[in-house]
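**Q**
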Amino acid sequence: MEYDVIITGGSYAGMSAGLQLARARRKVLVIDAGERRNRFAATSHGFLGQDGRAPDDIAGDARVQLMAYPTVDWVCDTATQASRDAEAFIVETAAGMRYRSRRLLLATGVIDDLPDVHGLTERWGKSVFHCPYCHGYELDQGPIGVLATSPMSLHHALMLPDWGPTTFFTNGVLALDAEQQASLDQRGATVVTERVARIEGERADVVLANGRVVAIDGLFVLPRTRVASPLAAALGCVFEEGPLGAFIQSDPMTRETSVPGIFACGDAAMPFGSVALAVGDGVRAGSGVHRSLIFQTHP
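To convert, count from 1 in the sequence shown and add 41; that's our numbering.
Quick look at the structure:
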């Protein structure tokens with residue numbers, strides 16, 4: 042069977058795009074391995090109408106609604122290769138299946154590469170976070186830490202005092218100048234320059250190299266990100282370097298990439314991400330793909 046669109050990645054952006062296409066009565070195949078970026082978090086916040094719900098519940102309800110449309114198929118698999126002949130895109134999966142479509146939409150998400158600090162990974166999504174809008178409120182104005190990973194971390198540290206008293210651990214990554222220090226002082230943030238040895242405790246207490254322990258309720262860190270699938274690079278899509286990592290370059294309105302007929306949306310195609318942003322971006326991509334099926338002839 043040949044589809045109008047194959048969507049690689051069935052998380053929030055991919056399903057949102059699929060919904061627009063399904064409602065346009067287009068044949069859609071979603072290929073998804075079930076590894077959403079926010080699977081480590083118990084609850085999701087900041088998405089209107091879904092605030093405080095478990096990510097599994099939000100995604101589960103969305104999938105039920107999407108699959109109610111008869112033109113949508115879903116394959117629990119990983120898209121590993123993609124190519125194009127004169128008539129269609131061909132997508133191959135880890136299970137050895139091959140599928141064809143007129144358009145290809147990449148909604149594969151990203152992988153977060155955390156700094157190498159002992160105790161950080163096991164607390165990711167529980168007491169170690171990246172988005173204050175998603176998790177800051179639940180800390181109930183308790184003590185907050187920001188672990189520096191790049192110059193962007195200064196911006197992070199200037200934001201977080203709105204959610205609680207903030208300690209900025211520069212950890213040898215940043216050497217603050219007088220102006221930067223003054224801006225942190227103005228926001229009431231405390232700066233700690235000693236190296237961080239590890240994270241421990243029930244929440245995310247920071248143990249410094251000199252043995253001092255700074256008790257905090259939540260630690261914020263900006264990890265480097267990388268697109269979770271090699272498909273975009275293999276297909277020749279242009280990437281754009283963002284403050285946290287490279288993402289797939291795409292048209293701001295249609296979400297078409299540099300390769301005609303290939304579209305991208307969600308975290309893989311944005312410098313920053315959240316559930317709400319991913320859902321909105323999926324709407325743009327889904328409608329962009331639909332319009333291309335009507336008004337364009339490629340491939």
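Backbone N, C-alpha and C fix where the C-beta goes; we use that ideal spot for every residue, glycine too. What you are looking at is a predicted structure, and each value in this text was computed from that prediction instead of being measured.
What's the gap between the Cα of G51 and the Cα of C175?
**A** The residue given as residue 51 occupies position 10 in the sequence shown. The residue given as residue 175 occupies position 134 in the sequence shown. Taking the straight line from one Cα to the other gives about 21 Å.
**Q** Relative to the alpha-carbon of P264, which residue among L161, R67 and G137 has its alpha-carbon at the smallest distance?
**A** By 1-based counting over the sequence shown, the position of residue 264 is 223. Of the listed residues, the one whose Cα sits closest to P264 is L161.
**Q** Of the residues A135, E241, V46 and L60, which one's Cα is nearest the Cα of T119?
**A** In the sequence shown, the residue the question calls residue 119 occupies position 78. Checked all of A135, E241, V46 and L60; the closest Cα to T119 is A135.
**Q** To which residues of the same chain is A230 closer than 6 Å at the C-beta, ignoring the five residues directly before and after it?
**A** Here residue 230 corresponds to residue number 189 of the sequence shown, with the count starting at 1. Taken in chain order, the residues that qualify are A198, P202, T207 and F209.
**Q** So, does the stretch 219-227 touch the stretch 133-150, judging by three or more C-beta pairs under 8 Å?
**A** Contact between the stretch 219-227 and the stretch 133-150 is absent, because fewer than three Cβ pairs lie under 8 Å.
**Q** What is the DSSP secondary structure of E281, reduced to helix, strand or coil?
**A** Against the sequence shown, residue 281 aligns to sequence position 240. Strand, per DSSP.
**Q** Quick check on V113: buried or exposed, where buried means 16 or more other Cβ atoms within 10 Å of its Cβ?
**A** Counting from 1 along the sequence shown, the entry for residue 113 is found at position 72. Its Cβ being crowded by 16 or more others within 10 Å, V113 is buried.
**Q** Hey, would you say the C-beta of T149 is under 8 Å away from at least one heavy atom of the ligand ATP?
**A** What this structure holds is no ligand at all, so the ligand ATP is not there to describe.
**Q** By Cβ distance below 7 Å, which residues in the same chain neighbour W165 in space, the five residues on each side in sequence not counted?
**A** Translated into the one-based positions of the sequence shown, residue 165 becomes position 124. Here the set comprises F81 and L155.
**Q** Could you check whether the stretch 255-264 touches the stretch 238-245, counting it as contact only if at least three pairs of C-beta atoms, one from each stretch, sit closer than 8 Å?
**A** Segments in contact, yes.
**Q** If you reduce the DSSP assignment to three classes, tell me which class R253 lands in.
**A** Taking the sequence shown and counting its residues from 1, the one referred to as residue 253 is at position 212. Three-state result, R253: coil.
**Q** Decide if V105 is buried, meaning its Cβ has at least 16 other Cβ atoms within 10 Å, or exposed.
**A** Residue 105 sits at position 64 when you count from the first residue of the sequence shown. V105 comes out exposed.
**Q** As a quick exercise: from A305, G314, S328 and I131, pick the residue whose alpha carbon is nearest that of M42.
**A** Here residue 42 is taken as the residue at index 1 of the sequence shown, counted from 1. The option with the nearest alpha carbon to M42 is I131.
**Q** How close, in whole Å, do the beta carbons of V262 and V169 come, if the pair is a contact with beta carbons under 8 Å?
**A** Walking along the sequence shown from the start, residue 262 turns up at place 221. Walking along the sequence shown from the start, residue 169 turns up at place 128. Confirmed, Cβ separation roughly 6 Å.
**Q** Go through the stretch 117-186 residue by residue and report every complete run of the alpha helix (DSSP H) that reaches 4 residues or more, in order.
**A** Those alpha helix (DSSP H) runs which fall completely within the stretch 117-186 and span 4+ residues are 173-176.
**Q** Could you tell me the alpha carbon to alpha carbon distance between I99 and Q91, rounded to whole angstroms?
**A** Counting from 1 along the sequence shown, the entry for residue 99 is found at position 58. Counting from 1 along the sequence shown, the entry for residue 91 is found at position 50. Near 7 Å, if we compare the C-alpha coordinates of Q91 and I99.
**Q** Can you tell me whether F336 is helix, strand or coil according to DSSP?
**A** By one-based count along the sequence shown, residue 336 stands at place 295. F336: helix per DSSP, three-state reduction.
**Q** What residues match up with L70 in a beta bridge as DSSP calls it?
**A** Taking the sequence shown and counting its residues from 1, one reaches residue 70 at position 29. Answer is I47 and D114, bridged to L70.
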